[in-house]
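One structure is given below, encoded as structure tokens.
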Amino acid sequence: MTVRVSMTVNGKPATAEVEERTLLVEFIRNNLRLTGTHVGCDTAQCGACTIHMNGRAVKSCNLLAMQAEGAQLVTIEGIAKADGTLHPMQEAFREHHGLQCGFCTPGMIMSAIDLVKVHPNPSEETIRAELDGNLCRCTGYHNIVKAIKAASAKL
Amino acid sequence: MATNYIGQAVKRREDYRFITGAGQYTDDVALPGQTHAYFIRSPHAHARIKSIRKDKALKAPGVVAIFTGEDTKAINGLPCGWLITDVNGQPMKEPPHPVLAQGKARHVGDQVAVVLAESLAQAKDAAELVEVDYEVLPSVVDVADARKSGAPALHEIAPDNTCYVWALGDKAAVDKAFAGAAHVTTLEFVNNRLIPNAIEPRAATASYSRADDGYTLYVASQNPHVERLLMTAFVLGLPEHKVRVVAPDVGGGFGSKIYLYAEDVVVTWASKQINRPVKWTAERSESFMTDAHGRDHLTKAELAMDKDGKFLAMRVHTTANMGAYLSTFASCIPTILYATLLAGQYTTPLIYCQVTAVFTNTTPVDAYRGAGRPEATYVVERLVETAAREMKLDPSAIRRRNFITQFPYQTPVALQYDIGNYEATLGEALKLGDVAGYAGRKRESELKGKLRGIGYACYIEACGIAPSAVAGSLGARAGLFEAGEVRVHPTGKVTVFTGSHAHGQGHETTFAQVVASRFGIPIEDVDIVHGDTAKVLFGMGTYGSRSIAVGGTAIMKAIDKVVAKGRKIAAHLMEAAEADVEFRDGFFQVAGTDKKKAFAEIALTAYVPHNFPHDKL
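Chain order of the listed sequences is R and Z. When we follow my numbering, the leftmost residue of the first sequence carries the number 1, and every step to the right adds one. When we follow my numbering, the leftmost residue of the second sequence carries the number 1001, and every step to the right adds one.
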């Protein structure tokens, strides 16, 4: 059984005929070939697949593509400006060595942007608590927290 | 031109692609016409496979092929890369490690069949239609039970589930020292099994080309060249030069991606069978069941001391769980990388260590973070700490009393320490940890109804897993050197090819810092290439903290050769004696004069050799 899904991804229309059971992350990675969104656990624990849907951070491995019908999605590929200027959160991760192997990074950045939107100028404690849905197996949390704190001052 | 980057906080050059989603991990690779593989795995720890019926599944939508052990009989098993010789001079037992189970499954997750289909969902659907008839056998999973009488045997060649009994040290002398000791501390403990859990699951995508009878395998690996060598020469019998292995961006390894895995072999082999690319990516549950695990030791350790707490001898008996099969480096972890570290930072004059490696119905065990060495430190420091308490000695005092202070120091467990200052490091740690104020903090905690403790550990680690001659004498079947190639382009830009592999370490930055500084050129002029057997001449990969020690040294030696050649060319161009030409800050200069040539100028001359010292090169 297939179904036609249509949504806006990083400001561009995206439409495809997919199986009903297609996960949103599969649609993003396989149909749109936006491979910056990663799958680390298949079970909505690691947060590597985090994207923004209608302005909120969501785990795209835990949604069907159909559930995003008509939605506005933003992935890691869509947060820098068109001229290539990085998002302040991207800059902060680079500045503060907030990544090592880089696999969790897109999800971390997408979560962090939402975190700062909901909690402007968050305390370190808030950042750590709010990041509990994103895992970094390189255990680079300390610098991730620093990066988010620094970015929050600029957002 | 600031060109000394060593010690500078250079921003990581690899980060741009990772923060923009432009990294290329194995699962990001999509090849035209690719099929998707799904492995059917044993749900039983130990079972005889009576039959596999795949006729229904073969008719399912999108199915391209289904392979079982019947189809892969001609493929050799996965080899072990380190030979351990037992106490009787016999080689360890190396049971077959089939890429798809041959008649028996020996751990939960053992791969029994593989379904290839147009989509992953179709492969999974079809897998549910494959009927595997298992006869469940009694299993043994606990390291303590593996050698008990009546324990079910996993492999015909090891009826007592014993891979080897290995020992290091003078047992008679150690026993004698124990007999005369004033105090003996004895401990029995488990160093528990753990799962590496890199956040990027293992993945492998292979393609075959009829045009040149060649293969390309993209794989999440720490070790692409060794993976290729083992797979071609030992398992598939393919010409090594016809197989390209690419380990692109890799999302962490922690040891678990050093090894050659069955799935890597199966997708490579299958890509020729169906003449289409085959893609496989592990689910997290597969990572738990099939990525090589770490540790899993059961140990009895004893420390003999005189009345003042001076160490006289140590005796360690460890049973190490290998799991169901020998993984690539499994055998050397609880032996060569373990027993040799039992001296720790202490002058214990006599040490005996006996290690019994056993097979159980569990996921294979191999190197994980530190691999063997943390296990050794755990043994030593638990013993020392317990001894201090038993003898009512201050934990730092008992350590100081036994520290090695004269160097070089030959330990009784093969290693020689060239240098160290353990008194200084302990002193600094006591200061940083404010040990003097500990009693006060403990009282404060007690007033709040909380507990507070303090622990000591003095760690030493042998890193690098090299050089070749030493590794070879200890049973390594791999070379364990490292390769480095420094290619200077006509314009003086530099590409460095290293056999080390980065999966989070940041080599593209750190190695470039060293190379740019050494050549005196901007870091932007240096690129580091790794992880592709078609680009890098050879490599031993990254593990055991060997990248800068061994890989970095190879690069430095290559740089020396470039500079030596540059000096010859510069001397010729400046009509000076080669001995008078110095290379410093990016210039070849005739000593004591202002005659000099820039690095890029010499590079260009090497490629445009109109005026060139051919006779000297």
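Note that the Cβ used here is the ideal one computed from N, Cα and C, for glycine as well.
Listing by chain order, which chain B residues have their CB less than 9 Å from the CB of residue i?
| i | result |
| --- | --- |
| valine 1108 of chain Z | Structure shown: chain B not included; protein chains present are R and Z. |
Is the shortest distance between the beta-carbon of residue i and the beta-carbons of chain Z less than 8 Å?
| i | result |
| --- | --- |
| glutamate 19 of chain R | yes |
| arginine 128 of chain R | no |
| threonine 43 of chain R | yes |
| phenylalanine 27 of chain R | no |
| isoleucine 76 of chain R | yes |
| arginine 4 of chain R | no |
| glycine 67 of chain R | Looking at the sequence provided, one finds glutamine at residue 67 of chain R rather than glycine. No, glutamine 67 of chain R lies away from the interface with chain Z (no Cβ there is under 8 Å from its Cβ). |
| alanine 80 of chain R | yes |
| glutamine 72 of chain R | no |
| leucine 131 of chain R | no |
| leucine 24 of chain R | no |
| leucine 161 of chain R | For residue 161 of chain R there is no data in the structure shown, the boundaries of chain R being 1 and 155. |
Could you tell me which residues DSSP puts in a beta bridge with residue i?
| i | result |
| --- | --- |
| proline 13 of chain R | R:Thr8 |
| valine 1496 of chain Z | Z:Val1486 and Z:Ile1528 |
| asparagine 1191 of chain Z | Z:His1297 |
| glycine 1252 of chain Z | Answer is none; glycine 1252 of chain Z lacks a bridge partner. |
| alanine 1117 of chain Z | Z:His1036 and Z:Val1063 |
| glutamine 1111 of chain Z | Z:Arg1041 |
| glutamate 1444 of chain Z | Beta-bridge pairing links glutamate 1444 of chain Z to no other residue. |
| leucine 1217 of chain Z | Z:Ala1206 and Z:Val1245 |
| proline 1091 of chain Z | Z:Thr1085 |
| serine 1051 of chain Z | Z:Asp1133 |
I want to see whether chain R comes within less than 8 Å of residue i, judged by CB atoms only; does it?
| i | result |
| --- | --- |
| glycine 1121 of chain Z | A small fix is needed here, since residue 1121 of chain Z is alanine in this sequence, not glycine. So yes, alanine 1121 of chain Z belongs to the interface. |
| threonine 1020 of chain Z | yes |
| glutamate 1283 of chain Z | yes |
| aspartate 1125 of chain Z | no |
| valine 1250 of chain Z | yes |
| glycine 1504 of chain Z | yes |
| proline 1012 of chain Z | The residue you asked about is not proline; residue 1012 of chain Z is arginine in the sequence shown. Taking Cβ atoms only, chain R reaches closer than 8 Å to arginine 1012 of chain Z, which makes this a yes. |
| glycine 1464 of chain Z | no |
| tyrosine 1438 of chain Z | no |
| glycine 1023 of chain Z | yes |
| aspartate 1594 of chain Z | no |
| asparagine 1421 of chain Z | no |
| aspartate 1291 of chain Z | no |
| aspartate 1028 of chain Z | yes |
| lysine 1532 of chain Z | According to the sequence displayed, residue 1532 of chain Z carries aspartate and not lysine. With 8 Å as the cut-off, aspartate 1532 of chain Z does not count as an interface residue toward chain R. |
| aspartate 1015 of chain Z | yes |
Check for me: the alpha helix (DSSP H) holding residue i runs from which residue to which?
| i | result |
| --- | --- |
| serine 1287 of chain Z | 1284-1290 |
| tyrosine 141 of chain R | 141-152 |
| isoleucine 1267 of chain Z | A small correction: the amino acid at residue 1267 of chain Z is valine; isoleucine does not occupy that position in the sequence shown. Its alpha helix (DSSP H) spans residues 1262-1273. |
| aspartate 1055 of chain Z | 1055-1058 |
| leucine 1563 of chain Z | According to the sequence provided, residue 1563 of chain Z is valine. The question's leucine does not apply to it. Start and end: 1553-1573. |
| lysine 117 of chain R | 105-118 |
| asparagine 1402 of chain Z | 1395-1402 |
| glycine 1427 of chain Z | 1422-1432 |
| methionine 1 of chain R | From DSSP, methionine 1 of chain R is part of no alpha helix (DSSP H); its letter is neither H nor E. |
| leucine 1229 of chain Z | 1224-1229 |
In terms of residues, what are the limits of the beta strand (DSSP E) holding residue i?
| i | result |
| --- | --- |
| arginine 137 of chain R | It is not in any beta strand (DSSP E) - arginine 137 of chain R carries neither H nor E in the DSSP assignment. |
| lysine 1597 of chain Z | 1596-1598 |
| phenylalanine 1612 of chain Z | Per DSSP, phenylalanine 1612 of chain Z belongs to no beta strand (DSSP E) and is neither H nor E. |
| isoleucine 1351 of chain Z | 1350-1359 |
| histidine 1317 of chain Z | 1311-1323 |
Going along the chain, which residues of its own chain have a beta-carbon closer than 7 Å to the beta-carbon of residue i, five neighbours each way excluded?
| i | result |
| --- | --- |
| valine 3 of chain R | Val18, Glu20 and Met66 |
| isoleucine 1602 of chain Z | Gly1566, Ile1569, Ala1570 and Phe1588 |
| lysine 1442 of chain Z | Arg1452 |
| glycine 107 of chain R | His38, Gly47, Ala48, Cys49, Thr50 and Asn134 |
Using a Cβ-Cβ cutoff of less than 8 Å, which residues in the same chain neighbour residue i once the five nearest sequence positions on both sides are dropped?
| i | result |
| --- | --- |
| methionine 1305 of chain Z | Ala1181, Ala1182, His1183, Val1184, Thr1185, Phe1311, Leu1312, Ala1387 and Met1391 |
| serine 1396 of chain Z | Leu1426, Leu1430, Val1435 and Tyr1456 |
Just to confirm my understanding: we take residue i, look at its own chain, exclude 5 residues before and 5 after, and list those with CB closer than 6 Å. What are they?
| i | result |
| --- | --- |
| valine 1029 of chain Z | Thr1205 and Tyr1218 |
| alanine 1576 of chain Z | Val1590 |
| valine 1250 of chain Z | Ala1220 and His1503 |
| valine 1099 of chain Z | Thr1072, Ile1075, Ala1262, Val1265 and Val1266 |
Counting only Cβ-Cβ distances shorter than 8 Å, please list the residues of the region 1197-1214 of chain Z near chain R, keeping chain order. Asn1197, Ala1198, Ile1199, Glu1200 and Pro1201
Check distances from the C-beta atoms of the region 95-117 of chain R to those of chain Z and list, in chain order, the residues that come in under 8 Å. Glu95, His97, Leu99, Gln100, Cys101, Gly102, Phe103, Cys104, Thr105, Pro106 and Ile109
Using a Cβ-Cβ cutoff of 8 Å, what residues of the region 1352-1382 of chain Z are near chain R? List them in chain order. none
Residues, ordered as in the chain, of the region 1544-1563 of chain Z that lie near chain R by beta-carbon distance below 9 Å: none
Against chain Z, which members of the region 33-64 of chain R pass a CB distance test of less than 9 Å? Arg33, Leu34, Thr35, Gly36, Thr37, His38, Val39, Gly40, Cys41, Asp42, Thr43, Gln45, Cys46 and Ala48
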